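Peer 1: In the numbering used here, the protein residues as written are 6 to 266. Where is the CB? At the ideal position from N, CA and C, for every residue including glycine. These figures come from a predicted structure and were not determined experimentally. Encoded as structure tokens, here's the structure I'll be asking about.
Listed below in structure tokens is the structure:
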């Protein structure tokens, strides 16, 4: 069931054992024209540290970024994460990463689309088997970029899909789904038996909302637009951080240095 975001209440405070899944861009950090044009301040790192300690490790990023990019952004923290919409996983903090590689046909397509669009304001992000075209700085090219990616489906092997976002379009394998990543984490020791809470802001998060709802959890859409499967909403990044800070205030704390050990 989908709801109009304007009518959604602020999320309830989770009761009993719970776990936390977090999208990054548009949820913890404001969007930027280029994914590298964002920065994490010490306050956000400290908030994540407090939450991770409070939840006994049951916190994970669920993101379209690669895990390597997440680690660079949040260094020195290396928290649990599903990157590339679940094509990459780190199931334990500071653990090994199950990585994904870029197929030759996707690499060739990335070069072809870059030549076709030929615009410095369009950023083509190559994320292993996922190709993302960011048009936030050139919104007039979003339709053209989407058309190019959709046309490419006819030439690629079966098993890919196109996902349109708020300011770009992505081509990805069918198995790349945030909901599947959340299910996998929920089967691990740190998350098992806990009520999942998931915060996200984009169409790519809807699959995760649906899974969390199915599991009896709390799904929250950030910066409302359109309709959503999430029954709760927060007005934007600042509201999301304030809500999380309120939850963290009920738990124990640790320092970023301690988390990095």
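What does a CB cutoff of less than 6 Å around residue 264 pick up in its chain, not counting 5 residues either side in sequence?
Peer 2: Here residue 264 scores only 35 on pLDDT, less than 50, and its place in the model should not be relied on; the value that follows carries that caveat. Same-chain partners within the cutoff: 54, 82.
Peer 1: Can you give the Cα-Cα distance for residue 122 and residue 246, rounded to whole angstroms?
Peer 2: The straight-line gap from Cα to Cα measures roughly 36 Å.
Peer 1: Tell me the residue span of the beta strand (DSSP E) that contains residue 228.
Peer 2: From DSSP, residue 228 is part of no beta strand (DSSP E); its letter is neither H nor E.
Peer 1: If you run the structure through DSSP and keep just helix, strand and coil, what is residue 203?
Peer 2: If DSSP states are grouped into helix, strand and coil, residue 203 belongs with the strands.
Peer 1: Flag this pair as yes or no: are the beta carbons of residue 26 and residue 237 separated by less than 9 Å?
Peer 2: Result no, Cβ atoms of residue 26 and residue 237 do not sit closer than 9 Å.
Peer 1: Look at the alpha carbon of residue 213 and the alpha carbon of residue 132, and state the distance between them as a whole number of angstroms.
Peer 2: Residue 213 and residue 132: Cα-Cα distance of roughly 20 Å.
Peer 1: Any heavy atom of the ligand MG closer than 8 Å to the beta-carbon of residue 181?
Peer 2: The ligand MG is not part of this structure, which contains no ligands at all.
Peer 1: Beta-carbon within less than 7 Å of residue 115's beta-carbon, same chain only, minus the 5 sequence neighbours each way: which residues are those?
Peer 2: Result list for residue 115: 129, 131, 136, in chain order.
Peer 1: Where do the ends of the beta strand (DSSP E) carrying residue 139 lie?
Peer 2: Here the beta strand (DSSP E) through residue 139 covers 135-139.
Peer 1: Under a Cβ-count criterion, where at least 16 other Cβ atoms within 10 Å of its own Cβ denotes burial, should residue 179 be classed as buried or exposed?
Peer 2: Label assigned to residue 179: exposed.
Peer 1: Output the residue ranges of the alpha helix (DSSP H) runs that lie fully inside the region 39-125 and measure 4 residues or longer, sorted by chain position.
Peer 2: Complete alpha helix (DSSP H) runs here, min 4: 47-59, 72-79, 109-122.
Peer 1: Just how far apart, CA to CA, sit residue 6 and residue 234?
Peer 2: Low confidence applies to residue 6: its pLDDT is 47, below 50, so where it sits in the model is not reliable enough to give any reading.
Peer 1: Restricting to Cα atoms, I'd like to know which of 209, 196, 112 is closest to residue 161.
Peer 2: Looking at the Cα atoms, 112 is the closest of the given residues.
Peer 1: Under the assumption that residue 88 contacts residue 106 (Cβ atoms under 8 Å), give the Cβ distance between them as a whole number of angstroms.
Peer 2: With 8 Å as the limit, residue 88 and residue 106 do not qualify as a contact, their Cβ atoms being about 13 Å apart.
Peer 1: If we ignore side chains and look at the alpha-carbon of each, how far apart do residue 216 and residue 49 end up?
Peer 2: Going from the Cα of residue 216 to the Cα of residue 49 covers about 27 Å.
Peer 1: Once you ignore the five residues that flank residue 97 on each side, which residues in its own chain have a CB closer than 7 Å to its CB?
Peer 2: Closer than 7 Å at Cβ, skipping near neighbours: 85.
Peer 1: In the DSSP assignment, the alpha helix (DSSP H) including residue 173 goes from what residue to what residue?
Peer 2: Careful: residue 173 lies outside any alpha helix (DSSP H), inside the beta strand (DSSP E) at 173-178.
Peer 1: According to DSSP, is residue 167 part of a helix, a strand, or is it coil?
Peer 2: Three-state DSSP puts residue 167 in a strand.
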